[in-house]
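Structure record follows, encoded as structure tokens.
There are 2 protein chains.
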Amino acid sequence: MLSLHQLRCFLATYEQGSLTAAAEELGYAQPSVSEQIRGLEQTLGVQLFRRVGRGVIPTTVADTLRPHAERTLAAAEGTRLAAQQVRRIETGTIRFGMFGVARLYAGADLVADVLERHPGVRVELIGQNSSEVHEDLRRGRLEAAMIAMPSVTSEGMEVRPVARDEVVYVSADPTHLERPVTARRLAEAQLVMPDTSWRHDDSVRTLLRQMLHGTGLNPTTRIEVEDPEIAVELMGRGYGDTVLPRGAAEVLLPRLAPHAGYVSLRPRLYDYFAVVHRAGAVLSPAAQLMIELATARIQRIAEPL
Amino acid sequence: MLSLHQLRCFLATYEQGSLTAAAEELGYAQPSVSEQIRGLEQTLGVQLFRRVGRGVIPTTVADTLRPHAERTLAAAEGTRLAAQQVRRIETGTIRFGMFGVARLYAGADLVADVLERHPGVRVELIGQNSSEVHEDLRRGRLEAAMIAMPSVTSEGMEVRPVARDEVVYVSADPTHLERPVTARRLAEAQLVMPDTSWRHDDSVRTLLRQMLHGTGLNPTTRIEVEDPEIAVELMGRGYGDTVLPRGAAEVLLPRLAPHAGYVSLRPRLYDYFAVVHRAGAVLSPAAQLMIELATARIQRIAEPL
DNA sequence: GTGAAAGCATAGGCAGATCCTTGGGATGAC
DNA sequence: GTCATCCCAAGGATCTGCCTATGCTTTCAC
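These protein sequence lines are chains A and B, in that order.
Each residue of the first sequence is one higher than the last, beginning at 1 in the working numbering.
Each residue of the second sequence is one higher than the last, beginning at 1001 in the working numbering.
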């Protein structure tokens, strides 16, 4: 079987014109190189050098094969080099999970932070929602992620909360914002809620369900949409109120519903942001980098823990 | 140390998405492939697959390295293929030794014969003279050759005569050609001799020296030139006679000295053509081919043995 | 929920490859 | 002729590669 080691010995011998010199260059004893050359000649079925008493002389076959051997070794070196560069995060792809609203807060800045420090890399910010990210983590498609809690159960996952953001009641009607909103008021509200497809996993929905659980009530969602932007815009036009993490409200309201405001719930509810990865996993440098940068960004918007 | 085997296992695993499937494709047991992957990850210092209970998932590092691994394996395959082609004489260089007058007889036809059968090869017909060829053989720079005998001693060489050519006396003066030329007549002649630089090794000169040895005489060389063509042309203009192998005379006279003729020496002298290579050498297919074709060509011009 | 199947890791053992040292033969320089 | 150089050959130590057997985790079907 052809091996890189054989090719290295071949090239050294060809260039040095001597097995002894080649062995010295490669740091081996002379018989070892001799054996490699013999093995190469046997696997290829050709004679590469004529042994002529003292010294060896390359045959025309050796002349022909030399550029091929050089190409092969160069390609192998390229492989090694590419791995080195990836290891130093000079190149390659960084894939990181981040669900909807966290990405809304910090996504663009996070990518900018990464590219600032590592201009050569590709960045993939994966995940429409928290539970999809969770599934990707579990299946190994993602190494680490920033998710919102409480969410689906996290068996086999290591979850480290890094920040929390209050969940607030948002309305374009000032009379709805005069006092903190209780469970009873919430149950009576007409709501425009985003993230319809994920309503069973979404952390804000989960919080609201927990809040109303003791009262036997359910919030009325008058309108269900996918995008928080659409929900906010509809809320601004008076089609209903909505419930959002405060960070999202502060990002979206000035742009989409300048006349709307928000107020706390009573009791206050909090959405937690956490770093998640498989329990017991050794994180790559790239994942550690993403975790560090994402945490820093989230903590500039939400409340650090 | 990086190895082709590791890269083969890596690619098979990447494409199959499973160590077990890769092992089956490669014809190994699963733990063997597993070990190779682990070794590759260790030598490169990166994680290529995430082990996730059932199955493995390639990391983004694996995505990045895959094309490099493919290039490397393709280059290695190219090396193997090139060797195969050389072995079948489909490509590569054929180097063969042939000294002056033999090349004059058969050189162009020999090259044509080779290219007819093996259109992809390069051909090198090496050697200004017999003794240079001999030295190249001894040093290993040439594998085999066609030389003229008697020449320098052939210790360590295997010499197989394949044809002989009579050495004849050539003159533009018909009176010189009426009878076979004896040693006495030869010693009195004014000669124009080619191959000046090699006069001590040249086989025709050696024959003449042997012929005159018993008489205590030396041939008078009025003019010494390098090329047989020049010698024949000067002879044709009457500046002297010359001595040549008959094959050379028949090639050169019609073109360069149409009024000249030739006659035998007494006793007759013969130049022998022989195939030569290092004693005990195993000849490559290319060398065997050249020997076969060169022998056939020489035997169509000179007298086969 | 439970058992069966799939897939990877680990452990132990065997065969072959790799590498070294020592010694012998051929060649070339003086 | 003598010595130095350079290759091959042989023997032994170590390492690598590969196998089988086994255990653990995840996945899937009932």
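C-beta: ideal position from N, C-alpha, C; glycine also.
Is it the case that the Cβ atoms of residue 256(A) and residue 233(A) are separated by a distance below 7 Å?
Counting from one through the first sequence, the residue named residue 256(A) turns up at place 256. Counting from one through the first sequence, the residue named residue 233(A) turns up at place 233. Taking 7 Å as the Cβ cut-off, residue 256(A) and residue 233(A) qualify as a contacting pair.
Entirely enclosed alpha helix (DSSP H) segments - the stretch 44–94 of chain A, minimum 4 residues
60–87
Check whether the Cβ of residue 118(A) lies closer than 7 Å to any Cβ atom in chain B.
As a first step, residue 118(A) is located in the first sequence; it is residue number 118 there, counting from the start. Not one chain B Cβ lies under 7 Å of residue 118(A).
Along the chain, where does the beta strand (DSSP E) that runs through residue 1171(B) open and close?
Mapped onto the second sequence, residue 1171(B) falls at position 171. Residues 1157–1171.
Report the option in 4(A), 269(A), 145(A), 126(A) whose CA atom is closest to the CA atom of residue 1072(B).
Within the second sequence, the letter at position 72 stands for residue 1072(B). Closest option to residue 1072(B), Cα to Cα, is 4(A).
Residues in the same chain with beta-carbon distance under 7 Å from residue 1058(B), minus the five sequence neighbours each way, listed in chain order, please.
For the purposes of this step, residue 1058(B) is taken as the residue at position 58 of the second sequence. Only 1014, 1048, 1049 meet the Cβ criterion.
Run the CB neighbour count on residue 1210(B), radius 10 Å, all protein chains shown included, and call it buried at 16 or more, exposed below.
Within the second sequence, numbered from 1, the residue matching residue 1210(B) stands at position 210. Its Cβ having fewer than 16 others within 10 Å, residue 1210(B) is exposed.
Taking only the alpha-carbon atoms, compute the straight-line gap between residue 1134(B) and residue 1156(B) and give it to the nearest angstrom.
Numbered from 1 along the second sequence, position 134 holds the residue referred to as residue 1134(B). Numbered from 1 along the second sequence, position 156 holds the residue referred to as residue 1156(B). Cα to Cα, the separation comes out at about 11 Å.
Hey, residue 247(A) and residue 165(A) are a contact pair by Cβ (cut 8 Å); roughly how many whole angstroms apart?
Looking up residue 247(A) in the first sequence gives position 247. Looking up residue 165(A) in the first sequence gives position 165. The Cβ separation is near 5 Å, so the contact holds.
Report the neighbours of residue 295(A) on chain B: residues whose CB is nearer than 7 Å to its CB, in chain order.
Residue 295(A) sits at position 295 when you count from the first residue of the first sequence. Simply none; closest approach about 21 Å.
Taking buried to mean at least 16 other C-beta atoms within 10 Å of its own C-beta, is residue 1046(B) buried or exposed?
On the second sequence, residue 1046(B) is found 46 positions in, with the first residue counted as 1. Residue 1046(B) comes out buried.
Spatial distance of residue 33(A) from residue 54(A) (CA atoms)
On the first sequence, position 33 is the one that residue 33(A) refers to. On the first sequence, position 54 is the one that residue 54(A) refers to. For residue 33(A) and residue 54(A), the distance between alpha carbons rounds to 16 Å.
For the stretch 60–75 of chain A, enumerate the residues whose C-beta is nearer than 7 Å to any C-beta of chain B, in chain order.
60, 61, 63, 64, 65, 68, 69, 71, 72, 75
Output the boundary residues of the beta strand (DSSP E) element that contains residue 277(A).
One-based indexing of the first sequence puts residue 277(A) at position 277. Taken as a continuous stretch (DSSP letters only), the beta strand (DSSP E) holding residue 277(A) covers 261–278.
Grab the span of the alpha helix (DSSP H) containing residue 26(A) for me, first residue to last.
For the purposes of this step, residue 26(A) is taken as the residue at position 26 of the first sequence. Run containing residue 26(A): 19–26, per the alpha helix (DSSP H) assignment.
Give a yes or no on whether 7 Å exceeds the smallest Cβ distance from residue 19(A) to chain B.
For the purposes of this step, residue 19(A) is identified with residue 19 of the first sequence, where counting begins at 1. Not one chain B Cβ lies under 7 Å of residue 19(A).
Tell me where the beta strand (DSSP E) around residue 225(A) begins and ends.
Translated into positions along the first sequence, residue 225(A) becomes position 225. Segment: none, residue 225(A) is in no beta strand (DSSP E) and carries neither H nor E.
Just mark residue 213(A) as buried or exposed, buried being the case when its beta carbon has 16 or more other beta carbons within 10 Å.
The sequence position of residue 213(A) within the first sequence is 213, counting from 1. Answer is exposed; the Cβ neighbour count stays below 16.
Going by Cα to Cα distance, which pick from 1124(B), 1171(B), 1245(B), 1215(B) is closest to residue 1205(B)?
Here residue 1205(B) refers to the residue found at position 205 when the second sequence is read from its first residue. Comparing Cα positions, the closest option is 1245(B).
Quick check on residue 81(A): buried or exposed, where buried means 16 or more other Cβ atoms within 10 Å of its Cβ?
Here the question's residue 81(A) lines up with position 81 in the first sequence. Under this definition residue 81(A) is an exposed residue.
State the beta-bridge partners of residue 1253(B) as determined by DSSP.
Start at 1 with the first residue of the second sequence, and residue 1253(B) comes out as number 253. Paired residues: none, contrary to the question.
Could you tell me whether the Cβ of residue 1083(B) comes closer than 7 Å to any Cβ of chain A?
As a working note, residue 1083(B) is residue 83 in the second sequence. Yes, because at least one Cβ of chain A sits closer than 7 Å to the Cβ of residue 1083(B).
Would you please verify whether the beta carbon of residue 13(A) is less than 7 Å from any beta carbon of chain B?
The count along the first sequence starts at 1 and reaches residue 13(A) at position 13. It does not; no Cβ of chain B falls within 7 Å.
What residues of chain A sit near residue 1033(B), judged by a beta carbon separation below 7 Å?
Counting from 1 along the second sequence, the entry for residue 1033(B) is found at position 33. None at all; the shortest Cβ gap to chain A is about 16 Å.
Straight-line Cα distance separating residue 89(A) from residue 286(A):
Taking the first residue of the first sequence as 1, we reach residue 286(A) at position 286. Taking the first residue of the first sequence as 1, we reach residue 89(A) at position 89. Residue 286(A) and residue 89(A): Cα-Cα distance of roughly 7 Å.
Give the DSSP bridge partners of residue 1097(B), in chain order.
Residue mapping note: residue 1097(B) aligns to position 97 of the second sequence, counting from 1. BP columns for residue 1097(B) point to 1126(B), 1145(B).
Can you list the residues of chain A that residue 1092(B) reaches, using a CB-CB cut of under 7 Å?
Here residue 1092(B) refers to the residue found at position 92 of the second sequence. Going along chain A in sequence order, the residues near residue 1092(B) (Cβ under 7 Å) are 60, 61, 64.
Chain A contact for residue 1115(B) (CB, 7 Å cutoff):
Your numbering for residue 1115(B) matches position 115 in the second sequence. Not one chain A Cβ lies under 7 Å of residue 1115(B).
Going along the chain, which residues of its own chain have a beta-carbon closer than 8 Å to the beta-carbon of residue 264(A), five neighbours each way excluded?
Working through the first sequence from its first residue, we reach residue 264(A) at position 264. Within the same chain, residue 264(A) has close Cβ partners 166, 168, 169, 180, 181.
For the beta strand (DSSP E) that contains residue 1211(B), what are its first and last residues?
For the purposes of this step, residue 1211(B) is identified with residue 211 of the second sequence, where counting begins at 1. Segment 1203–1213 is the alpha helix (DSSP H) holding residue 1211(B); no beta strand (DSSP E) there.
Let me make sure I understand the geometry here. Which of 1142(B), 1192(B), 1099(B), 1040(B) has the alpha-carbon closest to that of residue 1128(B)?
One-based indexing of the second sequence puts residue 1128(B) at position 128. If we check each option's Cα against that of residue 1128(B), 1099(B) comes out closest.
List the endpoints of the continuous alpha helix (DSSP H) containing residue 1004(B).
Along the second sequence, one-based indexing puts residue 1004(B) at 4. From DSSP, the alpha helix (DSSP H) with residue 1004(B) extends over 1004–1016.
Grab me the residues of residue 43(A)'s own chain with a C-beta within less than 6 Å of its C-beta, minus the 5 sequence neighbours each way, in chain order.
Residue numbering aside, residue 43(A) sits at position 43 when the first sequence is read from its first letter. Cβ neighbours of residue 43(A) beyond the five flanking positions: 2.
I want to verify the contact list: residues of chain B whose CB lies under 8 Å from the CB of residue 2(A), in sequence order.
If you number the first sequence from 1, residue 2(A) lands on position 2. Within 8 Å Cβ-Cβ: 1004, 1076, 1079, 1080.
Look up residue 217(A) in the DSSP assignment and say whether it is helix, strand or coil.
Taking the first residue of the first sequence as 1, we reach residue 217(A) at position 217. Residue state, collapsed to three classes: coil.
Measure the Cβ-Cβ separation of residue 194(A) and residue 231(A) and say whether it is below 7 Å.
Here residue 194(A) is taken as the residue at index 194 of the first sequence, counted from 1. Here residue 231(A) is taken as the residue at index 231 of the first sequence, counted from 1. It is a contact, given that the beta carbons lie within the stated cut-off.
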